[in-house]
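Asker: Okay, here's the structure, questions in a sec.
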Ligand SMILES: CC(C)(COP(=O)(O)OP(=O)(O)OC[C@H]1O[C@@H](n2cnc3c(N)ncnc32)[C@H](O)[C@@H]1OP(=O)(O)O)[C@@H](O)C(=O)NCCC(=O)NCCS
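Numbering (my numbering), first residue to last: 1430 to 1620.
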C-alpha cells in the first residue's frame, strides 16, 4: 500500500468526479453539505485547482484517488491578513488511516508558503470528529456557530504538527509521500 500526496491537475477531473461519486452520502454531506456529488464542469474545475486563487491536492493509492483537499485564498479584513479556506475529504474505506490529517497538513503548509496567516473551515456542527481534530491541531481556534454550521478560524503560527499515525490500530496507514513543493496560486468549495 503506497499513498502519495500530490497536486491535482486538470487531467484529474474524471478521476476526482469518480472519487466523489464513490463516496457515501454521509461523507459527501459532511464535506459538501449536500448528498449530491459536485458534477458541474465549473465545480470540477475548482476541485482540480484550476480556479484563480485555488489550490487542490489529492492523495492517491496505486494511482487511485483516495482523498482530496483544497484551499481558496482570500484577503482578510485586516491589512496583511491572508485567509485560506480549506476543505478535505477521504474515501470512506480509508478514513481513520491518517490520510485526512496528512492532506490538511499539506494543504495548510502550501498555503503558509503562499503567505497565508489564517485558516478557515466551514464545518457542520454535527461533525464532531472534524471539530475535535481542529481543536487538537489549532487549540486557540475561534468557533462561530451559525445555524447548523460552525466557522472555525485559526491563526497559522509556527510549524505544522507532526503526522497523525492514523487511528486504526494495527492497520498500515501507508507511506504518505510529501507533495511536490511547487505550490500554484492558492486554493474550496461546496456544491
Ligand atoms: C474528516 C476526514 C477528512 C478525516 O480524514 P481521515 O483520514 O479519516 O482522518 P485521519 O485518520 O487523518 O484522522 C484525523 C483525526 O481524526 C481522528 N479520528 C479519525 N477517525 C475518527 C473517528 N471515527 N472518530 C473520532 N476521531 C477520529 C484521528 O485520531 C485524527 O486525530 P488527530 O488529527 O488529532 O491525530 C474524513 O473523515 C472525511 O472525509 N470525513 C467526511 C468529510 C468531512 O467531514 N470533511 C471535513 C469538512 S470540510
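Glycine included, each C-beta is placed from N, C-alpha and C at the ideal position.
Hey, quick one: how far does the alpha helix (DSSP H) through residue 1534 stretch, first residue to last?
Answerer: From DSSP, the alpha helix (DSSP H) with residue 1534 extends over 1528-1542.
Asker: If you drop the 5 nearest sequence neighbours on each side, which residues of the same chain put their C-beta closer than 8 Å to that of residue 1537?
Answerer: Here the set comprises 1500, 1513, 1515, 1545, 1548, 1585 and 1589.
Asker: Could you compute how far the alpha carbon of residue 1522 sits from the alpha carbon of residue 1440?
Answerer: Cα to Cα, the separation comes out at about 24 Å.
Asker: Using 8 Å as the cut-off, can you tell me whether the region 1501-1508 makes contact with the region 1522-1533, which would need three or more C-beta pairs spanning the two stretches below that distance?
Answerer: At 8 Å Cβ cutoff, the stretches do not touch.
Asker: Looking only at its chain, what residues have a beta carbon closer than 6 Å to the beta carbon of residue 1559, apart from the 5 residues adjacent to it on each side?
Answerer: The residues are 1552.
Asker: Cα separation between residue 1469 and residue 1443?
Answerer: C-alpha separation (whole angstroms): 12 Å.
Asker: Tell me the DSSP secondary structure of residue 1498 in three-state form.
Answerer: Strand.
Asker: Where do the N-terminal and C-terminal ends of the beta strand (DSSP E) with residue 1507 fall, by residue?
Answerer: Run containing residue 1507: none; DSSP gives neither H nor E here.
Asker: Short of 7 Å in beta carbon distance, which residues of its chain neighbour residue 1460, apart from the five on each side in sequence? Order them along the chain.
Answerer: Result list for residue 1460: 1516 and 1518, in chain order.
Asker: May I ask you to report which of helix, strand or coil DSSP gives residue 1463?
Answerer: Reduced to three states, the DSSP call for residue 1463 is coil.
Asker: Quick one: measure Cβ to Cβ for residue 1520 and residue 1452, integer angstroms, because I've assumed they're closer than 8 Å.
Answerer: Residue 1520 to residue 1452, Cβ: 7 Å. Contact.
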